[in-house]
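S.K.: Numbering (my numbering), first residue to last: 18 to 312.
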């Protein structure tokens, strides 16, 4: 099992916002390496921890079982998309929880795993699924979708203005019976279509990879679904906290917390990482934390 290299972002800020209390129950919808869950449990709270990535879930469960006393172990692990949190609560016979945390996007562990296809230079199969046991991989999507749908995905979820040119190149290659197999091959095609910006140092393939990952995992659909159901399963006075990493996610979260029937906004402006944290963990640079108080 690969050792985790992921660093959870804004742990102290999350702790201040959620204010976890003894014996209360919180959902961590995106367990990852367990940094947030561990911190919440050290406040003597209990956590129901979700992750779609079975490898990450098993690795983190093993680590956390070495941290907390087994006789009063405070975490229940669920291998599922966090959009199914209500079904999991029903199975656990829990009507409502005291708080919820989502740390969205891709973990450093997934990015570092060659066989997952998240990294631009990965020579493994272009997969991009968080849960490799279900759904179509990015490779399969690019082999089957019409050119117009590929372009729409790249434009809608990646906000990439060269989306049509990229989709055209992908389909041209497919017609030659040379479908894209690896992340490295896709990145090379995108770089041929997207000029490198002198002002923006990000790799030209970044937006396309983001778009495909979001589409493969239906990330925005899952987020929207949870935020719609959450008011029914969060206790009055409970707190929801969401860390997003790009504008599409942030927009959905901001809109949900503006529903004044259910929420008091705790973060009129999103909380961002400190300069010190960004220096230690550059991934934190684009993170935005928003919170809502259940009325």
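Even glycine gets a Cβ: it sits at the ideal position worked out from N, Cα and C.
None of these values were measured; they are calculated from a predicted model.
1) Looking at C-alpha atoms only, which residue of 291, 235, 256, 138 is the closest neighbour of residue 221?
2) Between residue 161 and the rest of its own chain, which residues show a CB-CB distance below 8 Å, the 5 nearest in sequence each way excluded?
3) By the DSSP assignment, the beta strand (DSSP E) with residue 80 in it spans what residues?
4) Thinking just about the alpha-carbon of each residue, which of 197, 165, 223 is nearest to the one in residue 314?
5) Just the Cα atoms here: how many angstroms apart are residue 197 and residue 184?
6) Can you look up residue 299 in the DSSP assignment and give me helix, strand or coil?
7) Roughly how many angstroms separate the alpha carbons of residue 125 and residue 24, rounded to a whole number?
8) Between residue 226 and residue 256, what straight-line distance do the alpha-carbon atoms span, to the nearest angstrom?
9) Locate the beta strand (DSSP E) running through residue 175, then write down its first and last residues.
10) Spatial neighbours of residue 34 within its chain, please: CB distance less than 8 Å, with the 5 preceding and 5 following residues excluded, ordered by chain position.
11) In the structure shown, what three-state DSSP assignment does residue 63 receive?
12) Cα separation between residue 58 and residue 91?
13) Beta-carbon within less than 7 Å of residue 191's beta-carbon, same chain only, minus the 5 sequence neighbours each way: which residues are those?
14) Let me know the secondary structure DSSP gives residue 257 once reduced to three states.
15) Skipping 5 residues on each side, what residues in its chain have a beta carbon closer than 8 Å to that of residue 26?
16) Between residue 64 and residue 43, is the Cβ-Cβ spacing less than 8 Å?
17) Express the C-alpha separation of residue 83 and residue 263 in angstroms, rounding to a whole number.
18) Let me check understanding here. Comparing Cα to Cα, which of 171, 206, 118 lies closest to residue 30?
19) Could you check if residue 159 belongs to the surroundings of the ligand GTP, using beta carbon to heavy atom distance under 7 Å?
20) Compare the Cα-Cα distances from residue 146 to each of 56, 230, 311 and report the closest residue.
M.R.: To lay it out plainly:
1) Taking the first residue of the chain shown as 1, we reach residue 221 at position 204. It is 138.
2) Along the chain shown, one-based indexing puts residue 161 at 144. Answer for residue 161: 153, listed in chain order.
3) In the chain shown, residue 80 corresponds to position 63, counting from 1. No beta strand (DSSP E) contains residue 80, which is instead part of the alpha helix (DSSP H) from 71-82.
4) Only positions 18 to 312 of the chain appear in this structure, which leaves residue 314 out of reach.
5) Your numbering for residue 197 matches position 180 in the chain shown. Your numbering for residue 184 matches position 167 in the chain shown. Between residue 197 and residue 184, the C-alpha separation is close to 12 Å.
6) On the chain shown, position 282 is the one that residue 299 refers to. It is helical.
7) Position 108 of the chain shown, counted from the first residue, corresponds to residue 125. Position 7 of the chain shown, counted from the first residue, corresponds to residue 24. The alpha-carbon atoms of residue 125 and residue 24 are separated by roughly 8 Å.
8) On the chain shown, residue 226 is found 209 positions in, with the first residue counted as 1. On the chain shown, residue 256 is found 239 positions in, with the first residue counted as 1. Roughly 32 Å separates the two Cα atoms.
9) In the chain shown, counting from the first residue as 1, residue 175 sits at position 158. Here residue 175 belongs to no beta strand (DSSP E); instead the alpha helix (DSSP H) covers 164-175.
10) Looking up residue 34 in the chain shown gives position 17. Once the five neighbours on either side are set aside, the close Cβ partners of residue 34 are 256, 258, 283, 284, 288, 306, 308.
11) For the purposes of this step, residue 63 is identified with residue 46 of the chain shown, where counting begins at 1. Note: residue 63 maps to strand in three-state DSSP.
12) Taking the chain shown and counting its residues from 1, one reaches residue 58 at position 41. Taking the chain shown and counting its residues from 1, one reaches residue 91 at position 74. Roughly 7 Å separates the two Cα atoms.
13) Along the chain shown, read from residue 1 onward, the residue named residue 191 stands at position 174. Taken in chain order, the residues that qualify are 160.
14) Position 240 of the chain shown, counting from 1, holds the residue named residue 257. Three-state DSSP puts residue 257 in a strand.
15) As a first step, residue 26 is located in the chain shown; it is residue number 9 there, counting from the start. Once the five neighbours on either side are set aside, the close Cβ partners of residue 26 are 120, 260, 290, 294, 298, 300, 301, 304.
16) By 1-based counting over the chain shown, the position of residue 64 is 47. By 1-based counting over the chain shown, the position of residue 43 is 26. Yes.
17) Taking the chain shown and counting its residues from 1, the one referred to as residue 263 is at position 246. Taking the chain shown and counting its residues from 1, the one referred to as residue 83 is at position 66. Cα to Cα, residue 263 sits roughly 34 Å from residue 83.
18) The count along the chain shown starts at 1 and reaches residue 30 at position 13. Considering only alpha carbons, the answer is 118.
19) Only the bare structure without any ligand can be found here, which leaves the ligand GTP out of the picture.
20) Residue 146 sits at position 129 when you count from the first residue of the chain shown. For the residues 56, 230, 311, the minimum Cα distance to residue 146 belongs to 230.
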